[in-house]
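Okay, structure first, notes after.
Numbering (this note's numbering), first residue to last: 6 to 174.
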């Protein structure tokens, strides 16, 4: 119920993570003339669209890299748990560990590129922003043109704070 500088058109506002709302506020502030897709990569990948008319529309949520690796181990009988991933996993894994790494990392990069392309085709004046704990790892693995900023969440929280100090309810 915090006052924010943009319009929130997300239908289930009570289940909306405050991080997602902070991210889209920061994106709109930095790129006000663009339709911004903020992709936060961490435990989950969140896709968050704020239109240039200052309206947060929603997006998508899918498993992040470590969740994917954990799920493959947890929900199968014989796949091991992989806790560390090579900086540059191979496309063609040569054993179970490298196959799991390739599937998680390359699959995730392909998903993100595909989502960016889908949004870019639908929304003109489009901008994609990559942020989150795993953003530095994935910034070089994507084919799409992105703006990477690991501090978007902090910028968004600060923006919301300043907005409420200058224009309290």
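Don't be surprised by glycine CBs; every beta carbon is placed ideally from N, CA and C.
Just so we're clear, the structure is a prediction, and the values are computed from it rather than from any experiment.
Under the three-state reduction of DSSP, which class applies to residue 21: helix, strand or coil?
For this step, residue 21 is matched to residue 16 along the chain shown. Coil, per DSSP.
Could you compute how far the alpha carbon of residue 74 sits from the alpha carbon of residue 109?
In the chain shown, counting from the first residue as 1, residue 74 sits at position 69. In the chain shown, counting from the first residue as 1, residue 109 sits at position 104. When rounded, the separation of the alpha-carbon atoms in residue 74 and residue 109 is 6 Å.
Rounded to the nearest angstrom, what separates residue 163 and residue 171 at their Cα positions?
One-based indexing of the chain shown puts residue 163 at position 158. One-based indexing of the chain shown puts residue 171 at position 166. Rounded to whole angstroms, residue 163 to residue 171 spans 12 Å at the Cα level.
So what's residue 1 in DSSP terms, helix, strand or just coil?
This structure gives no information on residue 1, because the portion of the chain shown stretches from 6 to 174.
Determine the DSSP secondary structure at residue 143, reduced to helix, strand or coil.
Your numbering for residue 143 matches position 138 in the chain shown. DSSP, read as helix, strand or coil, puts residue 143 in helix.
Rounded straight-line distance, which links the Cα of residue 9 to that of residue 147
Locating residue 147 in the chain shown gives position 142, counting from the first residue. Locating residue 9 in the chain shown gives position 4, counting from the first residue. Each residue's alpha carbon lies about 31 Å from the other.
Give the DSSP-derived three-state secondary structure of residue 62 in the structure shown.
In the chain shown, counting from the first residue as 1, residue 62 sits at position 57. It is a strand residue.
Rounded Cβ spacing between residue 133 and residue 149 (contact assumed at less than 8 Å):
Counting from one through the chain shown, the residue named residue 133 turns up at place 128. Counting from one through the chain shown, the residue named residue 149 turns up at place 144. With 8 Å as the limit, residue 133 and residue 149 qualify as a contact, their Cβ atoms being about 6 Å apart.
Residue from 32, 6, 34 and 33 with nearest C-alpha to residue 21
On the chain shown, residue 21 is found 16 positions in, with the first residue counted as 1. Ranking 32, 6, 34 and 33 by CA distance to the CA of residue 21 puts 6 first.
Would you please state the rounded distance, in angstroms, between the beta carbons of residue 130 and residue 38? I believe it to be under 8 Å.
The residue you call residue 130 lines up with position 125 of the chain shown. The residue you call residue 38 lines up with position 33 of the chain shown. Sure, about 7 Å apart at Cβ, within 8 Å.
Residue range of the alpha helix (DSSP H) that residue 163 falls in?
Taking the first residue of the chain shown as 1, we reach residue 163 at position 158. Counting along the chain, the alpha helix (DSSP H) containing residue 163 begins and ends at 157-171.
Proximity to residue 79 [Cα-Cα], best of 105, 41, 45 and 93:
For the purposes of this step, residue 79 is taken as the residue at position 74 of the chain shown. Ranking the options by Cα distance to residue 79, first place goes to 105.
Taking just the CA atoms, how far does residue 126 sit from residue 140?
On the chain shown, position 135 is the one that residue 140 refers to. On the chain shown, position 121 is the one that residue 126 refers to. Computed Cα separation, rounded: 23 Å.
In three-state DSSP terms, what is residue 84?
Numbered from its first residue, the chain shown carries residue 84 at position 79. Residue 84 falls in the coil class under three-state DSSP.
For a quick check, are the C-beta atoms of residue 30 and residue 161 less than 8 Å apart?
The residue labelled residue 30 in the question sits at position 25 within the chain shown. The residue labelled residue 161 in the question sits at position 156 within the chain shown. Yes, the Cβ-Cβ distance between residue 30 and residue 161 is below 8 Å.
For residue 103, which residues from the same chain have a beta carbon less than 6 Å from its beta carbon, with the 5 sequence-adjacent residues on both sides left out?
Position 98 of the chain shown holds residue 103. In chain order, 95 place their CB closer than 6 Å to the CB of residue 103, counting only its own chain and leaving out the 5 sequence neighbours on each side.
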